[in-house]
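Below: the structure, in structure tokens.
Written as structure tokens, this is what we have:
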């Protein structure tokens, strides 16, 4: 079966709706596999920070 910690995390992710959190759309469960379907993001957080060259606007910091 699916670990209880994974089920708790899935339940929390399905409830979260915030512009700064990737949304969980669906969960597909088969005998040996659990697939989570997330919102698509063009880049991850590291790539975003790398693109800023170490200079993060204060308004952006406050929005997180």
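Residue numbers (full-length UniProt numbering): 1 to 64.
Think of the CB as a built atom: it goes at the ideal place given N, C-alpha and C, for glycine as much as any other residue.
* **Proximity of residue 48 and residue 39 at Cβ, strictly below 8 Å** => Here residue 48 refers to the residue found at position 48 when the chain shown is read from its first residue. Here residue 39 refers to the residue found at position 39 when the chain shown is read from its first residue. Taking 8 Å as the Cβ cut-off, residue 48 and residue 39 do not qualify as a contacting pair.
* **Minimum C-alpha distance to residue 71 - residue among 61, 10 and 7** => The displayed coordinates of the chain run from 1 to 64. Any statement about residue 71 would go beyond what the structure contains.
* Given a cut-off of 8 Å, decide if residue 27 and residue 41 are closer than it, judged by their beta-carbon atoms. => Along the chain shown, read from residue 1 onward, the residue named residue 41 stands at position 41. Along the chain shown, read from residue 1 onward, the residue named residue 27 stands at position 27. Cβ atoms of residue 41 and residue 27: not closer than 8 Å.
* **Distance, residue 16 Cα to residue 54 Cα** => For this step, residue 54 is matched to residue 54 along the chain shown. For this step, residue 16 is matched to residue 16 along the chain shown. The straight-line gap from Cα to Cα measures roughly 29 Å.
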